[in-house]
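Numbering (the numbering used here), first residue to last: 505 to 1212. Yeah, the Cβ is synthetic: ideal placement off N, Cα and C, and Gly gets one too. This one's a predicted model, so the numbers in the text were calculated from it and none came from an experiment.
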């Protein structure tokens, strides 16, 4: 090919760029640096793959739309993420425009491996800009990478940059601002014996499937490299003639005993290796890198576990010690606002709805926002520094004992924040059975939605500022350990019964350690915190209003009836009384039962539900008392005989129930979407709820037998 130029977007249309690259190449960091807060996050229709689109501005003041595509090592898709990348680049997705230009992010410190994907993309004949990222890390590893030599070899613009430090962004924007870009002069000659097969497949794809010659050649190479036709062809089926040609060549190669598929891969890497000789120069002998020296401690068979435990303990300690002041402030403001509304309105249903339903329900959950933000900050910090992958490496050995490997622990670890992205992260697990097992046990990891329930019960169990944060953190750590242990147990059980299979070996990349990029960490923390608040403003608000109505209607015929009598004969009270025989062996009464039922929408709804139920009860002689914090109201709750309802044993049992129970409609929907069946989410609800009841029954009855 020559260095021809062509326009790629009409002047009156916003050009669309796509950022592509290997995982851990700095692709998303570059996307954030270019787009800032001008981002829109969603999902690709039909799959639970995150779709991130942002806007940046050229040097001429024109808007440029940028799509952050999922990371991949090859165009031969082995997961839904990689399938999205392939289909967008080939123009197969009706919901996403085919990009006008591509920004290929390349890790300069791992040039040869990163160039494999670039090599495949250049086969497509699309206008490409290469962002040669992590130049500082390459220099630290004793390598000098010449951007000019790489640009000359590939025939496309190459911009050296350090996205995490903001270096090279001006030069990259200048390259993006060019109206025309040269098409690559790159041409890779396949091995001689394979060339006829490539030519025949290319002709068939061009004639029968309406592909351009360059795209047809690239797809022919993918089909010959990866014999999984469905995986390569994706949602666009091949013609019968193409299937026939492919089958003929595969039989011919199988009969000759040659592995031409591997030969194609080796040939491409040979070409990349020759290119790297001219581009990379060693400035010094490579010894152990900084990451290697750190890994000698953090991945050690003994010290690695000690550091991992210390990090987890520090996380839970921080959740209590750092968040205490802002939580008390928010709690006081919610109570003051409720009192102000109560004092400024005439008595009646509207006032009770606002103070008990809206303010009591939503305020009861917003008070835990500081602790949830701290959790999200620490998770982002571990991901940004590269430690998250080390945690998976450390967990590989214990995971192998239950029939999985460390790769499954990454989704499980992510489920500490939320089970939904954790389940979505299982797409990187190639073995279908291991992926399904991981999906089934991921909701057992204690997510951030359980955090408000744990915090409320701990605050009820251990009131006052005299209790040290270490004690509270210890109880919290126990709940997380219980959920993790449960996930491991059921993974072991499923791998030996329903989903038997040999434990897979783990091969994964450990990204280099990097200083935390606090701007991105804070941005991610704010985004997740805002999503949490939006949830509080929609699902929780709606449920709080409905629950207020159900707890206050129908009105008791006796206007002098006590609050307990009113709520007992309400719609919610009747439902709670119907459920009480099932949950009373666990130490729960009908009021707690109302919270259990309503929190199936989302676990954190339990806090707002109890706030509404026990706020409605906060009457004296039919008159509304002052607004009482939910923690105080729970400590004042009583059985009909006057015994405390929320004893230390009941608080612990309730936390254990939420450790094991499947109380999240959104997770159920995602499991159905990921497994493409209602069979597995219904099974998940049954086994988790059954386990929660049995464990809580044993725990409560044992506690009573011991005198607690």
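To the nearest angstrom, report how far apart residue i and residue j are at their CA atoms.
i            : j            : result
residue 1074 : residue 589  : 54 Å
residue 546  : residue 558  : Residue confidence for residue 546 is low, a pLDDT of 49 falling below 50, so the modelled location carries little weight; the figure read from the coordinates is stated next. Rounded to whole angstroms, residue 546 to residue 558 spans 12 Å at the Cα level.
residue 521  : residue 816  : 40 Å
residue 716  : residue 940  : 38 Å
residue 484  : residue 922  : Nothing about residue 484 can be read from this structure; the chain reaches only from 505 to 1212.
residue 1115 : residue 1103 : 12 Å
residue 511  : residue 759  : Summary for residue 511: the model assigns pLDDT 42, below 50, so the residue's position carries little reliability, and this model does not support an answer.
residue 612  : residue 642  : 6 Å
residue 917  : residue 867  : 29 Å
residue 1089 : residue 1198 : 10 Å
residue 1049 : residue 1162 : 23 Å
residue 1045 : residue 859  : 12 Å
residue 1212 : residue 1146 : 17 Å
residue 603  : residue 597  : 11 Å
residue 826  : residue 977  : 12 Å
residue 765  : residue 805  : 39 Å
residue 519  : residue 614  : 30 Å
residue 772  : residue 898  : 34 Å
residue 914  : residue 849  : 52 Å
residue 793  : residue 529  : 17 Å
residue 620  : residue 881  : 34 Å
residue 1056 : residue 1196 : 30 Å
residue 1193 : residue 1053 : 28 Å
residue 807  : residue 801  : 6 Å
residue 601  : residue 570  : 11 Å
residue 1250 : residue 729  : The first residue shown for the chain is 505 and the last is 1212, placing residue 1250 beyond what the model contains.
residue 1108 : residue 810  : 32 Å
residue 879  : residue 837  : 23 Å
residue 1038 : residue 742  : 44 Å
Taking the alpha-carbon of residue i as reference, which of the options has the nearest alpha-carbon?
i            : options                : result
residue 946  : 704, 1111, 1178, 620   : 1178
residue 1165 : 1188, 964, 1053        : 1188
residue 1191 : 1211, 1153, 1167       : 1167
residue 1023 : 532, 528, 523          : 532
residue 753  : 977, 724, 781          : 724
residue 926  : 949, 1139, 838, 1194   : 949
residue 591  : 1016, 722, 871         : 722
residue 830  : 793, 870, 814, 912     : 870
residue 1003 : 708, 935, 538          : 935
residue 924  : 584, 1175, 627         : 1175
residue 984  : 1071, 1013, 1085, 820  : 820
residue 1149 : 742, 767, 961, 570     : 961
residue 1077 : 1108, 1111, 1117       : 1117
residue 1137 : 1112, 1160, 1159       : 1112
residue 536  : 1026, 1171, 1071, 1033 : 1026
residue 709  : 694, 745, 581          : 745
residue 999  : 747, 1101, 943         : 943
residue 877  : 956, 1084, 774, 840    : 956
residue 720  : 595, 1097, 1157, 853   : 595
residue 1171 : 593, 1158, 1186        : 1186
residue 919  : 991, 894, 662          : 991
residue 593  : 583, 1038, 624, 729    : 624
residue 1202 : 975, 1091, 981         : 1091
State the CB to CB distance for the pair residue i and residue j, rounded to an integer number of angstroms; the pair is presumed to be in contact (CB under 8 Å).
i           : j           : result
residue 534 : residue 637 : 7 Å
residue 675 : residue 640 : No, residue 675 and residue 640 are not in contact; Cβ-Cβ is about 16 Å, not under 8 Å.
residue 573 : residue 524 : 5 Å
residue 527 : residue 565 : Not really, about 34 Å apart at Cβ, beyond 8 Å.
residue 750 : residue 727 : 6 Å
residue 563 : residue 677 : 6 Å
residue 842 : residue 863 : 4 Å
residue 768 : residue 694 : 7 Å
Beta-carbon of residue i versus every beta-carbon of chain D: anything under 9 Å?
i           : result
residue 894 : Looking for chain D here will not work: only one protein chain is present.
*Inspect the CB distances between the region 901-911 and the region 872-888 and report whether three or more fall short of 8 Å.*
no
*Quick one: any contact between the region 696-709 and the region 671-682, if contact means 3 or more CB pairs under 8 Å?*
no
*Which residue spans inside the region 559-637 form an unbroken alpha helix (DSSP H) run of at least 4?*
584-593, 615-626
*asked:* Using 8 Å as the cut-off, can you tell me whether the region 1193-1210 makes contact with the region 1151-1166, which would need three or more C-beta pairs spanning the two stretches below that distance?
replied: yes
_Three CB pairs or more closer than 8 Å across the region 775-784 and the region 645-664_ = yes
*Just list the alpha helix (DSSP H) runs in the region 1168-1207, keeping only unbroken ones of 4 residues or longer that don't cross its boundaries, in chain order.*
1169-1179
*Whole runs of the beta strand (DSSP E) within the region 635-678, excluding any shorter than 3 residues*: 647-649, 662-664
*For the region 801-844, list the alpha helix (DSSP H) runs that are entirely contained and at least 4 residues long, ordered along the chain.*
807-825
*What alpha helix (DSSP H) runs, 4 residues minimum, are completely inside the region 1071-1159?*
1075-1087, 1094-1102, 1109-1120, 1134-1140
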